[in-house]
Amino acid sequence: MSIVTIPSSVPYDSNIFLVEGERPILVDSGTGQDSGTVIRRIHEVCPEGPSMIVATHCHYDHAGGLHDLVEEFGCPVYAGWRDAPVIRHPDRRDVAALFGAAMRPVDAKDLREGDVLDSGSRRFTVLETPGHTEGSICLYDEESGTLISGDTLFLGGYGRTDFMGGSFDSMLASLVRLSKLDIRELFPGHGSTCESYTPGMMAEVLRMAGV
Ligand SMILES: [Zn+2]
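If you're matching positions, the sequence shown starts at 13 in the working numbering and goes up one per residue.
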């Protein structure tokens, strides 16, 4: 059982991941500008559809497609409790205007620090990692050392903090916190994934952040 990347044709879509298992978990949705392709590809990997969808944060490029996915799969949507209200009642914090778009509201439920999401193959613990947005979360499976990191941690970098609700100080604290985990596989919100992540890679990101 693994984590499958669902490819999208929209270049600025977030990465979209499907965690396989008896209860598949979809992480992030992309913008929704090409939901037809995304939905078709999810059906190919997972005919029964996901049991839940988790948004790592409220930004349009990660959450704009939630509306179409919920319509198709009828499953619940979750997000960190400080960002879920933006998904329920979109406001400027969703940054959709930067993409010349508007986000359609979705009834997202709140996730909190320590909540556990179990796909049947992996057990992810919710980590609240503010900085990129107030309610950004990461999902961490201690057993496999897998981190799904949204726009907090990238391969070779970290998320910007100059959007509404962002905070560089919070980002630093979140990165320091992540650096104490045993991360062996990284699935970030944009760019490449890494199935052989090392402490040296994390140390380099901390150095870039000035820690
Ligand atoms: Zn973002």
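The beta-carbon is built from N, C-alpha and C at its ideal position, and this holds for glycine as well.
Taking all protein chains shown into account, do 16 or more other C-beta atoms lie within 10 angstroms of the C-beta of residue i, making it buried, or fewer, making it exposed?
i	result
E34	exposed
R172	exposed
L159	buried
T210	exposed
D163	buried
E146	buried
P117	exposed
R134	buried
G126	exposed
M176	exposed
P59	exposed
Given this structure, state the Cα-to-Cα distance separating residue i from residue j, to the nearest angstrom.
i	j	result
I54	E83	14 angstroms
V50	V188	34 angstroms
V138	L198	15 angstroms
S63	R219	39 angstroms
G132	G42	24 angstroms
E216	G178	22 angstroms
K192	A113	38 angstroms
I109	G48	Note that residue 109 is Ala in the sequence shown, not Ile. Near 22 angstroms, if we compare the C-alpha coordinates of G48 and A109.
H69	I149	7 angstroms
G222	V39	30 angstroms
R105	M115	11 angstroms
H71	V107	6 angstroms
V66	I37	7 angstroms
G244	D194	Past the boundaries of the shown model lies residue 244; the chain is included only from 13 to 223, so the question cannot be answered.
Quick test of your reading: residue i and residue j, contact by CB under 8 angstroms. State the CB separation rounded to the nearest angstrom.
i	j	result
Y24	D73	6 angstroms
L123	G92	5 angstroms
Y152	A120	Not really, about 20 angstroms apart at Cβ, beyond 8 angstroms.
L190	L165	6 angstroms
L167	P200	6 angstroms
S26	H202	6 angstroms
Helix, strand or coil: how does DSSP classify residue i here?
i	result
Y72	helix
L190	helix
M220	helix
V22	coil
I65	strand
F29	strand
V89	strand
I15	strand
F111	helix
I195	coil
P97	helix
P102	coil
**Report entry** Contained beta strand (DSSP E) runs [length at least 3] in the region 114-170, N- to C-terminal order
**Finding:** Listed in chain order, the complete beta strand (DSSP E) runs (minimum 3 residues) inside the region 114-170 are 121-123, 128-130, 135-140, 149-153, 158-162.
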